[in-house]
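Worksheet: one structure, shown below.
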Amino acid sequence: MHSGCEVCERLWREYAVAAASHIPLESKLLQAGRNRDFRRIAELNRRMDAALAVRSERRDRIRRHEAAAHEKGAGGGVEYS
Ligand SMILES: [Zn+2]
């Protein structure tokens, strides 16, 4: 994380939201497990997978931005987009 870079800050904020989005799903999954509600478990598993896919996609965006804007050799410029 590069302090002072607005793009980094925005990307990390979006990543944090995505990373937190599966937490309520986990407690629902636990509850569905207690109830042996297998249809609900399958549905929640799909939503967990989707949340994890979003999280890894956002992590990739951070990595690409850091490589493009902050790695040595990129001119040290800040990417505005
Ligand atoms: Zn940045």
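Per my numbering, the very first residue in the sequence shown carries number 62; after that it's consecutive.
Idealized CB from N, CA, C, for every residue including glycine.
Element boundaries [alpha helix (DSSP H), containing residue 64]: Working through the sequence shown from its first residue, we reach residue 64 at position 3. It is not in any alpha helix (DSSP H) - residue 64 carries neither H nor E in the DSSP assignment.
Counting along the chain, where does the alpha helix (DSSP H) carrying residue 100 start and finish? In the sequence shown, counting from the first residue as 1, residue 100 sits at position 39. Counting along the chain, the alpha helix (DSSP H) containing residue 100 begins and ends at 99 to 130.
Of the residues 69, 73 and 66, the one placed nearest residue 116, counting alpha carbons only: Along the sequence shown, read from residue 1 onward, the residue named residue 116 stands at position 55. Here the closest residue by C-alpha is 73.
Residue from 82, 68 and 105 whose Cα sits closest to the Cα of residue 89: Against the sequence shown, residue 89 aligns to sequence position 28. Out of 82, 68 and 105, 105 has the C-alpha closest to the C-alpha of residue 89.
Counting along the chain, where does the alpha helix (DSSP H) carrying residue 88 start and finish? Counting from 1 along the sequence shown, the entry for residue 88 is found at position 27. Unbroken alpha helix (DSSP H) run through residue 88: 84 to 95.
By Cβ distance below 7 Å, which residues in the same chain neighbour residue 132 in space, the five residues on each side in sequence not counted? The count along the sequence shown starts at 1 and reaches residue 132 at position 71. Hits under 7 Å: none found.
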